[in-house]
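According to this note's numbering, the residues represented by the sequence shown are 1 to 187, in order.
These notes concern the structure reproduced below.
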Amino acid sequence: MFSIPFGVVFLDALTDALLEGPLSQLIDFSADPLTLAEATLYVPTRRAGRALGAKLAERLRGRTTVLPRILPLGETDALELGLLDEVSADIEIPPAVGETQRLLLLAELVAGWSRAIDRAALKLDTDEEFTATAGTAGIISLAGDLARLIDTLYLEGVPLDALSRLDASDFQEMWRISATFLGIAGE
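Here's what the structure looks like:
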């Protein structure tokens, strides 16, 4: 059993422990790339599991190995899982928004952004094609992409307001459009 205290960047701490820290002594995969595959890791959520797999692959830098089995404990409350220590248990945590509700809320923001885009305001040439979204399916798709971006930023410890600090002034107009879209994440 290995636990990570509240306030520590989860993915970095677990990856460090597996590859270089205390867990690396239990799972030495340097000689046999299949050794890591024998391990089972339990993480708080499915998103954390997907992100951990990606983080491990990134940190292994192309070394041949089979990743461990990564299982989510479920989309349960952090207090229920004991992920918060007693001191931080007094902090009031708002309830998590369900995945469907979250997607619909983000879709509403994406739809508003899409309506606000105007060819003249974007200074696009008349012959330059641009479609912000292709109907409801496009809006839902972009909302899903935005949700994954927000999750990735959270798991990597990057604050959402970092997106609003991106300086798009030196880039092409399409990048500025993308930057305004990413600004939705901070809303």
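Ideal Cβ positions, reconstructed from N, Cα and C, are used throughout, including at glycine.
Note that this is a predicted model, so its numbers are computed, not measured.
Take residue i as the anchor and find which of the options has the nearest alpha-carbon.
i      : options                        : result
Val66  : Glu38, Gly183, Pro72           : Glu38
Gly135 : Ser178, Arg47, Glu108          : Glu108
Ser3   : Gly144, Leu41, Leu34           : Leu41
Thr180 : Gly138, Leu153, Gly112         : Gly112
Thr152 : Gly49, Pro5, Gly21             : Gly49
Leu73  : Gly62, Arg46, Pro5             : Arg46
Gly7   : Arg165, Leu155, Ala162, Leu160 : Leu155
Asp32  : Leu182, Leu60, Gly21, Thr64    : Thr64
Ala162 : Pro22, Leu182, Pro68           : Leu182
Apart from the five residues just before and just after residue i, which ones in its own chain have a Cβ nearer than 7 Å to its Cβ?
i      : result
Leu146 : Leu106, Val110, Ile184, Ala185
Lys55  : Leu11, Thr15
Near residue i, which residues of its chain fall below 8 Å by C-beta distance, leaving aside the five closest residues on each side in sequence?
i      : result
Ser24  : Ala17, Leu18
Val97  : Leu105
Leu103 : Ile140, Ala143, Gly144, Ala147
For residue i, name the three-state secondary structure that DSSP assigns.
i      : result
Pro22  : helix
Thr15  : helix
Ile184 : helix
Ile70  : strand
Ser178 : helix
Thr100 : helix
Just to check my reading of the structure: residue i and residue j have Cβ atoms closer than 8 Å, yes? What is that Cβ distance to the nearest angstrom?
i      : j     : result
Gly157 : Val43 : About 16 Å; that fails the 8 Å criterion.
Leu14  : Leu71 : About 13 Å separates the two Cβ atoms, so there is no contact after all.
Leu34  : Ile27 : Actually they are not in contact, since the Cβ atoms of Leu34 and Ile27 sit about 11 Å apart, beyond 8 Å.
Taking only runs that begin and end inside the region 136 to 163, name each unbroken beta strand (DSSP E) of 3 or more residues, in chain order.
Counting whole runs of 3 or more residues, the region 136 to 163 contains no beta strand (DSSP E) stretch at all.
Please list the segments of the beta strand (DSSP E) lying wholly inside the region 30 to 57, counting only runs of 3 or more residues, in order along the chain.
DSSP assignment within the region 30 to 57 yields the following whole beta strand (DSSP E) runs of 3 residues or more, N-terminal first: 40 to 43.
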